[in-house]
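Reading through the C-alpha cells given below for one structure.
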C-alpha cells in the first residue's frame, strides 16, 4: 500500500536537500575564491596582467564565500543535527536574509566580469592557461 508522506517528512526532506545543495555551492564558491582568484592574483602580482582585472572579475566573491561557508552552511548543519527538537529552518533564513543583499553587487557586475574573462583569455596566454589548468583539475 502507498503511504502518504506527512508534512513533517516533507519539511525534513526539503531542509535536507537545501543543506546538500548549500554544501555543493560552498565548495564551488571556495574553488572560485581560493583557487581561481588566488592563482590569477599571484600571476597578476608578477605583472602578467593587471591585478585590477582580477578584482573586477571576482567582485565580492570572497564576502559571498565567507557568508555561506561561515554562517549559512554551519547554521543549516547544526539545525539538521537537532531536527528532532527544532524541525524548521525558516528562522535561519529569515535571520540571514539581509546578508543576501551582497548578491546585488555580484549580479550587477556579472556581465562585465564575463566580458573581462573573455577579453583577457584572448589577450593573455598566461591568463588563459591558468583558467584552463584549473578547469582541467577541478571542474
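Numbering (UniProt numbering), first residue to last: 1 to 139. All C-beta atoms in this analysis are idealised placements derived from N, C-alpha and C, irrespective of residue type, glycine included.
Select from the options the residue whose C-alpha is nearest the C-alpha of residue i.
i           : options          : result
residue 8   : 49, 137, 84      : 84
residue 49  : 129, 135, 136, 5 : 129
residue 97  : 4, 3, 67, 134    : 67
residue 127 : 79, 111, 47, 29  : 47
residue 114 : 3, 41, 56, 40    : 56
residue 125 : 109, 52, 64, 43  : 43
residue 19  : 64, 76, 102      : 76
residue 62  : 38, 52, 81       : 38
Can you give the beta carbon distance from residue i to residue j, rounded, assuming they're within the 8 angstroms contact cut?
i          : j          : result
residue 89 : residue 24 : Not really, about 17 angstroms apart at Cβ, beyond 8 angstroms.
residue 72 : residue 17 : Contact flag wrong, Cβ pair sits at about 15 angstroms.
Taking all protein chains shown into account, decide if residue i is buried (16 or more other Cβ within 10 angstroms of its Cβ) or exposed.
i           : result
residue 54  : buried
residue 137 : exposed
residue 36  : buried
residue 100 : exposed
residue 30  : exposed
residue 112 : exposed
residue 45  : exposed
With a threshold of 8 angstroms on Cβ separation, who are the neighbours of residue i within its own chain once the five nearest residues in sequence on each side are excluded?
i           : result
residue 105 : 59, 60
residue 86  : 79
Enumerate in chain order the residues of its own chain whose CB-to-CB distance from residue i is below 6 angstroms, with the five nearest sequence positions on each side excluded.
i          : result
residue 26 : 68, 69, 73
Worksheet entry | Runs of alpha helix (DSSP H) lying entirely within the UniProt domain "DH" (10-139), each at least 4 residues, in chain order | Listed in chain order, the complete alpha helix (DSSP H) runs (minimum 4 residues) inside the UniProt domain "DH" (10-139) are 37-45, 51-58, 61-67, 73-81, 90-96, 102-123, 125-138.
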